[in-house]
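Written out below as structure tokens is the structure these notes cover.
Protein chains: 2
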Amino acid sequence: MKIDPDNKADLSAQIAEAIREEIMAGRLIVDERLPSEAELADHFAVSRPTVREALKRLAAQSLIRTQRGAFGGAFVNRLSYTEAYGQQITTATLLLSMNAISFDVACEARYALERACTPLAALRRTPDTLATMRAEIHRQGQPGLTDEAFCASDVAFHRALVDSAGNPVLSYQLAGAVEAMQPLMNMITFTARSREVIVGFHTRIADALEGHEAEAALAALSALEAYTLTLGRDVMAARARPKR
Amino acid sequence: MKIDPDNKADLSAQIAEAIREEIMAGRLIVDERLPSEAELADHFAVSRPTVREALKRLAAQSLIRTQRGAFGGAFVNRLSYTEAYGQQITTATLLLSMNAISFDVACEARYALERACTPLAALRRTPDTLATMRAEIHRQGQPGLTDEAFCASDVAFHRALVDSAGNPVLSYQLAGAVEAMQPLMNMITFTARSREVIVGFHTRIADALEGHEAEAALAALSALEAYTLTLGRDVMAARARPKR
DNA sequence: GCATTCAAATTGTCAGACATTTAAATGTAA
DNA sequence: TTACATTTAAATGTCTGACAATTTGAATGC
Numbered sequence: 051m052k053i054d055p056d057n058k059a060d061l062s063a064q065i066a067e068a069i070r071e072e073i074m075a076g077r078l079i080v081d082e083r084l085p086s087e088a089e090l091a092d093h094f095a096v097s098r099p100t101v102r103e104a105l106k107r108l109a110a111q112s113l114i115r116t117q118r119g120a121f122g123g124a125f126v127n128r129l130s131y132t133e134a135y136g137q138q139i140t141t142a143t144l145l146l147s148m149n150a151i152s153f154d155v156a157c158e159a160r161y162a163l164e165r166a167c168t169p170l171a172a173l174r175r176t177p178d179t180l181a182t183m184r185a186e187i188h189r190q191g192q193p194g195l196t197d198e199a200f201c202a203s204d205v206a207f208h209r210a211l212v213d214s215a216g217n218p219v220l221s222y223q224l225a226g227a228v229e230a231m232q233p234l235m236n237m238i239t240f241t242a243r244s245r246e247v248i249v250g251f252h253t254r255i256a257d258a259l260e261g262h263e264a265e266a267a268l269a270a271l272s273a274l275e276a277y278t279l280t281l282g283r284d285v286m287a288a289r290a291r292p293k294r
Numbered sequence: 051m052k053i054d055p056d057n058k059a060d061l062s063a064q065i066a067e068a069i070r071e072e073i074m075a076g077r078l079i080v081d082e083r084l085p086s087e088a089e090l091a092d093h094f095a096v097s098r099p100t101v102r103e104a105l106k107r108l109a110a111q112s113l114i115r116t117q118r119g120a121f122g123g124a125f126v127n128r129l130s131y132t133e134a135y136g137q138q139i140t141t142a143t144l145l146l147s148m149n150a151i152s153f154d155v156a157c158e159a160r161y162a163l164e165r166a167c168t169p170l171a172a173l174r175r176t177p178d179t180l181a182t183m184r185a186e187i188h189r190q191g192q193p194g195l196t197d198e199a200f201c202a203s204d205v206a207f208h209r210a211l212v213d214s215a216g217n218p219v220l221s222y223q224l225a226g227a228v229e230a231m232q233p234l235m236n237m238i239t240f241t242a243r244s245r246e247v248i249v250g251f252h253t254r255i256a257d258a259l260e261g262h263e264a265e266a267a268l269a270a271l272s273a274l275e276a277y278t279l280t281l282g283r284d285v286m287a288a289r290a291r292p293k294r
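Just so you know, the protein sequences line up as chains P and S, in that order. Going by our numbering, the first residue of the first sequence is number 51, and it counts up by one from there. Going by our numbering, the first residue of the second sequence is number 51, and it counts up by one from there.
Here it is in structure tokens:
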């Protein structure tokens, strides 16, 4: 493995970066064991705590996993879809919450991405994903639902729509886009009337997918986008004018 | 801040998770200073190295940044688009390289996502993004170009297409999808003939965007997808039959 | 042959110390 | 008073050494 020259940045960051490059370049392959902390410390001419900090950085990115005991150590981790989902959602959520992204921009991105997988979903939707969508639609019609629960169900519905496309890479990519919108959506107070309208759009989408009608599904999705946009704008307008 | 009960997992992981939740929930806001390492160690009743490992985990996810010196410390970091891009690309690249994703699936996801922003790109493309696309097309026509350089230019072209949509959230989401395909594309040997065909599609796309013709751009993109798919399949077929 | 025990390797945690960096506080001179 | 140099304090970065906890493989005993 390569070493670090004489620059003055954090040693642990440099070491983490060096190992990360080895993994990204495929020179360290999945399930391969890294040298022990003591050996790495010796190799990079630093102390063990410094090596440990570097390894923790990599562990935080799911690049390695560690195992205690004899013949334990740090191993290159196979990045699972589940872990990738989690990181994607964390990153997307923070990006949206910290950068004053307008509701309009986030909404546009989300629906553009969902439209991307709608034709595939119309082609490949399964009884399973359809059942999930129907179940969420039913839940959204329940009277006693809180706004948060309604939003969560909305997210689940759209996740099912995305998963219907049957492309795991697409599902992974869109997980963040859909989930990250939830905090923004949670700011909206859903009246009985608006819930009814949204459930109507959801039903149109599910019906269209069931009938393999891509165009109809796209139209319903676009209509839902437009409606969501007006709801969001009302909230923003009310917030901008806090005089009672 | 909350503490951790008596479970037996890594203390540093638990502490990192506790702080991460504070940030995600907005209870720690951007640029807010965390307690010093000594104070955190005291608060969680652990040693300073353990706290440091936890902080390095958070730093690896760009959740915090640290600053040395008096009045330094760990601060909640505003996640920038640049940092988010980087993490997105790392995650997507590893996911594709480690999970035996088929070329077809990755290709389908990529072009579905690009189609998602093509209508917006046709609407909003700027002289700037068009110039970038033209420049990359020109580079792709140069004779002496290596396969790697051709691929890199291809990625740059598609990045410009995505950026044309003028939606930073969309650009962020697609950065990973486009970049992560490069290692797969790099396996393809681009003959003079195939380069010529690809440049033709790129030109059609750029022309369509320049003329605000969304439908034409979508058609060219789909044709490019189909052609890329045949190229990839040829490579896979040749690889599956290694008898000279 | 099988269960038990033991030893070794490795990560997890701790304590204390020193080095380095940074900005505020202080002192000094024009 | 202002400008500049010096000191100081607080914080992170790093090192050393030690011990605890965990896991595996081998030795041991029956």
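For glycine and all other residues, C-beta sits at the position ideal for the given N, C-alpha and C. Quick caveat: nothing in here was measured; it's all calculated off a predicted structure.
For valine 126/S, name the three-state secondary structure that DSSP assigns.
Position 76 of the second sequence holds residue 126/S. If DSSP states are grouped into helix, strand and coil, valine 126/S belongs with the strands.
What are the start and end residues of the beta strand (DSSP E) that includes arginine 115/P?
The count along the first sequence starts at 1 and reaches residue 115/P at position 65. Bounds of the beta strand (DSSP E) holding arginine 115/P are 114–117.
Output the boundary residues of the alpha helix (DSSP H) element that contains asparagine 236/P.
Within the first sequence, residue 236/P is the residue found at index 186, counting from 1. 232–236 is the span of the alpha helix (DSSP H), which, as asked, contains asparagine 236/P.
Span of the alpha helix (DSSP H) holding glutamate 263/P?
Along the first sequence, one-based indexing puts residue 263/P at 213. Membership of glutamate 263/P in any alpha helix (DSSP H) is not indicated, and neither H nor E is assigned to it by DSSP.
List the endpoints of the continuous alpha helix (DSSP H) containing lysine 106/P.
Locating residue 106/P in the first sequence gives position 56, where the first residue counts as 1. Membership of lysine 106/P in the alpha helix (DSSP H) is indicated by the continuous run 98–110.
Through-space distance from leucine 279/P to alanine 269/P, alpha-carbon basis
By 1-based counting over the first sequence, the position of residue 269/P is 219. By 1-based counting over the first sequence, the position of residue 279/P is 229. Using only the alpha carbons, I get a separation of about 15 Å.
Cβ of serine 86/P less than 9 Å from any chain S Cβ?
On the first sequence, position 36 is the one that residue 86/P refers to. No, because no Cβ of chain S sits closer than 9 Å to the Cβ of serine 86/P.
What separation, rounded to the nearest whole angstrom, lies between the Cα atoms of arginine 105/S and methionine 148/S?
For the purposes of this step, residue 105/S is identified with residue 55 of the second sequence, where counting begins at 1. For the purposes of this step, residue 148/S is identified with residue 98 of the second sequence, where counting begins at 1. First, the residue type needs correcting, since residue 105/S is leucine and not arginine in the sequence shown. The straight-line gap from Cα to Cα measures roughly 28 Å.
Could you work out which residue in Ile65/S, Ala68/S, Pro193/S and Ala110/S is closest to alanine 242/S when comparing CA atoms only?
Working through the second sequence from its first residue, we reach residue 242/S at position 192. Nearest option by C-alpha distance: Pro193/S.
Measure the Cβ-Cβ separation of arginine 107/S and alanine 276/P and say whether it is below 9 Å.
Counted from its first residue, the second sequence places residue 107/S at position 57. Counted from its first residue, the first sequence places residue 276/P at position 226. No; because the gap between Cβ atoms is not below 9 Å, this pair is not in contact.
Alpha-carbon spacing of glutamate 67/S relative to alanine 120/P, whole angstroms
Within the second sequence, residue 67/S is the residue found at index 17, counting from 1. Within the first sequence, residue 120/P is the residue found at index 70, counting from 1. Going by the C-alpha atoms only, they are around 28 Å apart.
Give the C-beta separation of threonine 168/P and alanine 264/P to the nearest angstrom, bearing in mind that I take them to be a contact with Cβ-Cβ under 8 Å.
As a first step, residue 168/P is located in the first sequence; it is residue number 118 there, counting from the start. As a first step, residue 264/P is located in the first sequence; it is residue number 214 there, counting from the start. Threonine 168/P to alanine 264/P, Cβ: 6 Å. Contact.
Could you check where the alpha helix (DSSP H) with alanine 210/P kicks off and where it finishes?
Taking the first residue of the first sequence as 1, we reach residue 210/P at position 160. Counting along the chain, the alpha helix (DSSP H) containing alanine 210/P begins and ends at 197–213.
Check whether the Cβ atoms of alanine 206/S and histidine 262/S sit closer than 9 Å, and answer yes or no.
Counted from its first residue, the second sequence places residue 206/S at position 156. Counted from its first residue, the second sequence places residue 262/S at position 212. Cβ distance not < 9 Å, so alanine 206/S and histidine 262/S don't count as in contact.
Give a yes or no on whether the C-beta atoms belonging to leucine 170/S and alanine 215/S are separated by under 9 Å.
Your numbering for residue 170/S matches position 120 in the second sequence. Your numbering for residue 215/S matches position 165 in the second sequence. In this structure, alanine 215/S lies closer than 9 Å to leucine 170/S by Cβ.
Chain-ordered residues of the stretch 254–270 of chain P with a beta carbon less than 9 Å from chain S:
Residues: none.
Using the Cα positions of alanine 63/S and glutamate 103/S, report the straight-line distance between them to the nearest angstrom.
By 1-based counting over the second sequence, the position of residue 63/S is 13. By 1-based counting over the second sequence, the position of residue 103/S is 53. The straight-line gap from Cα to Cα measures roughly 8 Å.
Find the residues of chain P that neighbour arginine 165/S, judging by a C-beta separation of less than 8 Å, and give them in chain order.
For the purposes of this step, residue 165/S is taken as the residue at position 115 of the second sequence. Residues of chain P passing the Cβ test: Ala166.
What separation, rounded to the nearest whole angstrom, lies between the Cα atoms of threonine 116/S and alanine 290/S?
Your numbering for residue 116/S matches position 66 in the second sequence. Your numbering for residue 290/S matches position 240 in the second sequence. Cα to Cα, the separation comes out at about 50 Å.
Spatial neighbours of glutamate 260/P within its chain, please: C-beta separation below 8 Å, excluding the five flanking residues on both sides.
Within the first sequence, the letter at position 210 stands for residue 260/P. Result list for glutamate 260/P: Arg175 and Leu180, in chain order.
List, from N- to C-terminal side, the alpha helix (DSSP H) runs of 4 residues or more that fit wholly inside the stretch 130–164 of chain P.
Counting whole runs of 4 or more residues, the stretch 130–164 of chain P contains the alpha helix (DSSP H) stretches 131–148.
Going by C-alpha distance, which of Val249/P, Gly122/P, Thr239/P and Arg118/P is nearest alanine 185/P?
Taking the first residue of the first sequence as position 1, residue 185/P is located at position 135. Of all alpha-carbon atoms in Val249/P, Gly122/P, Thr239/P and Arg118/P, the one lying nearest the alpha-carbon of alanine 185/P is that of Val249/P.
Alpha helix (DSSP H) segment containing methionine 51/S, residue limits:
If you number the second sequence from 1, residue 51/S lands on position 1. In the DSSP annotation of this structure, methionine 51/S is not part of any alpha helix (DSSP H), being labelled neither H nor E.
How about valine 146/P: is its C-beta nearer than 9 Å to some C-beta of chain S?
Here residue 146/P is taken as the residue at index 96 of the first sequence, counted from 1. Position check: residue 146/P holds leucine in this sequence, whereas valine was assumed. At least one chain S Cβ lies under 9 Å of leucine 146/P.
Chain S contacts made by the stretch 236–256 of chain P, where a contact means CB separation under 8 Å:
Within the stretch 236–256 of chain P, no residue has its Cβ closer than 8 Å to any Cβ of chain S.
Below-9 Å beta-carbon distance, lysine 58/S vs any chain P residue:
On the second sequence, position 8 is the one that residue 58/S refers to. So no, lysine 58/S is outside the interface.
Would you call the stretch 230–247 of chain S in contact with the stretch 232–246 of chain P, where contact means no fewer than 3 C-beta pairs closer than 8 Å?
Contact between the stretch 230–247 of chain S and the stretch 232–246 of chain P is absent, because fewer than three Cβ pairs lie under 8 Å.
With 9 Å as the threshold, decide whether the Cβ of valine 285/P is near any Cβ in chain S.
Within the first sequence, numbered from 1, the residue matching residue 285/P stands at position 235. By this cut-off, valine 285/P is not an interface position.
Arginine 294/P versus arginine 77/S - alpha carbon distance:
Along the first sequence, one-based indexing puts residue 294/P at 244. Along the second sequence, one-based indexing puts residue 77/S at 27. Because arginine 294/P carries a pLDDT of 49, less than 50, the predicted location of this residue cannot be relied on, and no value is offered for it.
Under the rule that 16 or more other beta-carbon atoms within 10 Å means buried, what is aspartate 92/S, buried or exposed?
As a position in the second sequence, residue 92/S is number 42, starting the count at 1. With fewer than 16 neighbouring CB atoms inside 10 Å of its own CB, aspartate 92/S falls in the exposed class.
Amino acids of chain S, ordered along the chain, whose beta-carbon sits closer than 7 Å to that of alanine 273/P:
Along the first sequence, one-based indexing puts residue 273/P at 223. What alanine 273/P touches in chain S: nothing, since even the nearest Cβ is about 16 Å away.
Nearest-angstrom Cα separation, counted from glutamine 232/S out to alanine 75/P:
In the first sequence, the residue the question calls residue 75/P occupies position 25. In the second sequence, the residue the question calls residue 232/S occupies position 182. Rounded to the nearest whole angstrom, the CA to CA distance from alanine 75/P to glutamine 232/S is 13 Å.
Put arginine 83/S into one of helix, strand or coil per three-state DSSP.
Within the second sequence, numbered from 1, the residue matching residue 83/S stands at position 33. Look at arginine 83/S here: in three-state DSSP terms it is strand.
So with Cβ pairs under 9 Å, would you call isoleucine 69/S a contact of chain P?
By one-based count along the second sequence, residue 69/S stands at place 19. Contact with chain P is absent for isoleucine 69/S, since none of that chain's Cβ atoms lies less than 9 Å from the residue's Cβ.
So with CB distances below 9 Å, who are the chain S contacts of threonine 141/P?
Along the first sequence, read from residue 1 onward, the residue named residue 141/P stands at position 91. What threonine 141/P touches in chain S: Gln111, Ser112, Leu129, Glu133, Ala134, Gln137, Gln138, Thr141 and Tyr222.
Please tell me whether glycine 226/S has its Cβ less than 9 Å away from any Cβ of chain P.
In the second sequence, counting from the first residue as 1, residue 226/S sits at position 176. Answer yes: the Cβ-Cβ gap between glycine 226/S and chain P drops below 9 Å somewhere.
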